[in-house]
Amino acid sequence: MKKFSYLLLLALIINIGTTKAQNEKYKAIFIYNFTKYVEWPASVKQDKFIIGVYGNSPIIKELSTISQNKTAGSKQIEVIRYSSIDQISNCNILYITKSKGNKTNDIISKVNNQNTLIISDGHSISDNGASINFVVKDGKQKFEISKKNIQQQGLNVDPKLISLGIKI
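The opening position of the sequence shown corresponds to residue 4 in my numbering, with each subsequent residue numbered one higher.
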């Protein structure tokens, strides 16, 4: 009986870990697909499309995998991990990990007028001012989206993307 209990517990732990890893993979795919529905100004002159990640997260590995095979428009994607707000500069997309979500207002001040799409994880847009926020609703990975916040960063968003998200 003890052996069965241990096996059941082990299976549950593996399933939770696999589910979490799958969630990070879905978020990375979402982030990549956002590049198709958001337009950055022509004045943003960078050789590469930079996706910054503030904090430590398994999403870095998933985004790096995507960057090896995909482009954002005609630009090669580069993924950069930032461990402090001071390091953040000139990225097209900035993903703020769940553990760093309490710093969103400071980050927005830092990247203001840099045409950065700010994506947070698990912190309501209405509380933090991000453009997109990942949430789990009814057991499914979804996202909140604020057209106003996207436009405040000097970006244009396709109405199709707005219709796919939970409008805030």
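Yeah, the Cβ is synthetic: ideal placement off N, Cα and C, and Gly gets one too.
Can you find a C-beta in chain B that's less than 8 angstroms from the C-beta of Asn-26?
You won't find chain B in this structure, because it holds only one protein chain.
Any idea if Asn-131 is buried or exposed, counting beta-carbon neighbours within 10 angstroms, 16 or more meaning buried?
By the Cβ neighbour-count rule, Asn-131 is buried, with 16 or more other Cβ atoms within 10 Å of its own.
According to the Cβ coordinates, are Lys-101 and Gly-76 closer than 8 angstroms?
no
With C-beta atoms as the reference, is Ile-80 less than 8 angstroms away from Ile-54?
yes
Using the beta-carbon count (16 or more within 10 Å), is Thr-68 buried or exposed?
By the neighbour-count definition (other C-beta atoms within 10 Å, threshold 16), Thr-68 is an exposed residue.
Please report the residue range of the beta strand (DSSP E) in which Gln-79 lies.
78 to 85
Could you pull out every residue in the same chain whose Cβ sits closer than 6 angstroms to the Cβ of Gly-58, ignoring the five residues on either side in sequence?
Closer than 6 angstroms at Cβ, skipping near neighbours: Thr-100, Ser-102, Lys-103.
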